[in-house]
Amino acid sequence: MHIRFFLLVLLSGILTAGVVPTEAQAWLTDRYRLDEGLRLSAPLLFTLSGSEPEEPTTGDPPLGATLDPTLRIDGSTLSSTPVVESAPGTSLLEVTTTDPLEAVEETLDFDVPIVRTPKIGKHIQFFTFHIRDRFELWLLRLERHRPMVEQVFAEFNLPADLIFLSLVESGFNTNAVSRSKAVGPWQFIKSTAKTYGLRVDKWIDERRDPVKSTLAAAQYLRDLYHLFGSWPLAMAAYNAGERRVGRALARAHADDFWDLTDTKLIRRETKEYVPRFLAATLIAKDPSRYGFLINPQPPVEYEEAVITRPIHLRVAAKAAGVTYQELKALNPELRKEITPPDLAYRLKVPAGSKDLLLSNLATYPDWKHVQATRYRVRHGETLLHFATRHHTPLSAILEANALDKSYKPKPGEWLLIPKPAKAKS
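In terms of the numbering used here, the sequence shown is residues 3 to 427.
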């Protein structure tokens with residue numbers, strides 16, 4: 003019997019006995035780096051010892067779902083693209099109904115195991131016919147973040163093809179939320195996110211941060227590979243939870259993902275997860291073969307400006323000479339329209355606008371840097387109402403939030419109410 007099977011059983015017994023780290027973050031020397039070697043890191047041990055995590059879901063629409071022809075990506079709107087023809091001499095139907103590996107094995111290189119299974123062809127048909135427009139937008143969105151993800155995965159010595167796992171997780175959508183409350187492009191549940199160093203509170207949800215969530219995903223995937231010894235099993239554990247996959251392997255006396263697909267020990271979603279990833283990988287590595295016209299996309303480029311006091315994004319956008327929408331798109335981890343009050347925040351701004359932002363902020367009165375009360379608007383409240391209640395000039399409220407007099411606050415919106423400056427003694 004495979005040695006890994008005994009290790010899984012032994013590990014399960016140790017964790018059940020409660021031998022776990024008392025501090026989940028004790029492993030941290032560099033926040034997002036994994037120690038070299040094949041030992042398990044404390045975050046994975048911590049996750050294994052706790053309650054089983056919820057399975058992230060892909061968020062794919064059902065078959066035949068009506069798709070919005072225009073979806074927002076990274077702050078800009080991309081219209082749906084007409085279906086284009088596949089490679090010369092073949093029809094799209096021929097490409098997706100024949101063995102998908104037959105024609106590509108000799109022309110493409112893969113750095114994850116590719117297994118022949120009819121399920122891959124079924125998922126290719128799903129992506130190319132049933133959710134074609136949406137999948138094309140996923141490819142375009144990933145293209146903008148791809149240089150960053152490739153760099154991170156290379157630092158962790160992960161297979162480059164794992165970048166396409168983000169397609170089946172969320173389509174690299176920073177705003178994605180699954181039924182099980184997994185969030186962001188890499189679909190972290192809250193407990194796993196915190197284990198891997200992501201901040202999740204009322205001000206910030208770093209599961210939505212493209213860079214930080216990618217670093218955490220790389221750490222988690224590498225830990226899973228060190229535990230299970232194969233990428234199909236690591237991916238299955240990413241979807242279903244490592245405890246569930248480890249338990250299934252032990253009960254089935256198996257050491258291979260494909261053996262588990264013949265049992266009832268893992269859910270159908272997990273059985274389909276790896277074939278779905280392989281289908282997405284085949285398409286993404288040769289999109290034109292499947293009729294997708296993916297033009298080169300400019301990478302997301304930005305600068306970081308250190309903001310030492312909280313500020314409303316409208317004020318920051320005005321000071322930087324950019325739009326509010328651009329700033330929101332670059333900082334999806336912010337849960338409110340205000341930077342956090344408890345730390346110097348590294349605000350991402352469009353490339354070339356950092357110096358203008360900082361120079362303009364330096365000339366602003368103190369109240370523009372938000373020595374202020376953060377207030378959530380209720381139904382029927384007006385700007386004049388806030389000014390009267392808080393004994394604050396209406397002009398100060400307008401400037402602190404970059405608003406004009408005609409603006410009508412919306413219920414649930416956050417506004418800054420400047421505090422009167424304290425007299426110096």
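Ideal Cβ placement from N, Cα and C applies to all residues, glycine included.
Residue i versus residue j: straight-line alpha-carbon distance, rounded
i	j	result
residue 190	residue 209	6 Å
residue 350	residue 322	11 Å
residue 137	residue 392	49 Å
residue 412	residue 387	13 Å
residue 295	residue 132	17 Å
residue 400	residue 406	6 Å
residue 113	residue 163	6 Å
residue 218	residue 345	21 Å
residue 159	residue 224	9 Å
residue 177	residue 255	39 Å
residue 325	residue 389	26 Å
residue 172	residue 396	43 Å
residue 297	residue 127	22 Å
residue 353	residue 248	45 Å
residue 157	residue 306	22 Å
residue 170	residue 272	12 Å
residue 161	residue 111	12 Å
residue 365	residue 213	31 Å
residue 143	residue 215	16 Å
residue 168	residue 316	31 Å
residue 265	residue 274	13 Å
Sequence-distant residues of its chain with Cβ nearer than 6 Å to residue i (five each side left out)
i	result
residue 201	208
residue 333	350
residue 335	206, 207, 208, 210, 211
residue 125	277, 278, 281
residue 185	179, 209
residue 394	419, 420
residue 362	321
Which residues DSSP lists as bridging residue i, in chain order
i	result
residue 233	Bridge partners of residue 233: none, in fact.
residue 190	185
residue 376	418
residue 347	309
residue 207	202
residue 314	340
residue 352	304
Helix, strand or coil at residue i [DSSP, three-state]
i	result
residue 302	coil
residue 275	helix
residue 213	helix
residue 170	helix
residue 179	strand
residue 129	helix
residue 268	coil
residue 412	coil
residue 256	coil
residue 116	coil
residue 320	helix
residue 404	coil
residue 161	coil
residue 295	coil
residue 228	helix
residue 395	coil
Own chain partners of residue i with C-beta closer than 8 Å, once the 5 adjacent residues on each side are dropped
i	result
residue 415	339, 378, 379
Cut-off 7 Å between Cβ atoms - residues of its own chain near residue i, not counting five sequence neighbours on either side
i	result
residue 226	236, 239, 240, 244
residue 129	137, 281, 282, 285
residue 383	411
residue 86	Here the model assigns residue 86 a pLDDT of 35, short of 50, so the residue's position is not dependable, and the following value carries that caveat. Excluding residues within five positions, the ones whose Cβ falls inside 7 Å are 293, 295.
residue 165	148, 151, 152, 155
residue 267	250, 253, 254
residue 198	45, 218, 221, 222
residue 320	404
residue 310	346
Residue i: CB within 6 Å of a non-hydrogen atom of the ligand HEM
i	result
residue 137	The ligand HEM is not part of this structure, which contains no ligands at all.
Task: Inter-stretch contact at 8 Å, needing at least 3 Cβ pairs: the region 215-232 / the region 260-267 - done: no
TODO: Give a yes or no on contact between the region 272-286 and the region 108-123, applying the rule of three or more CB pairs nearer than 8 Å.
DONE: Output reads yes: the region 108-123 touches the region 272-286.
TODO: Decide yes or no for the touch test of the region 292-309 against the region 143-157: beta carbon pairs closer than 8 Å, at least 3 of them.
DONE: yes
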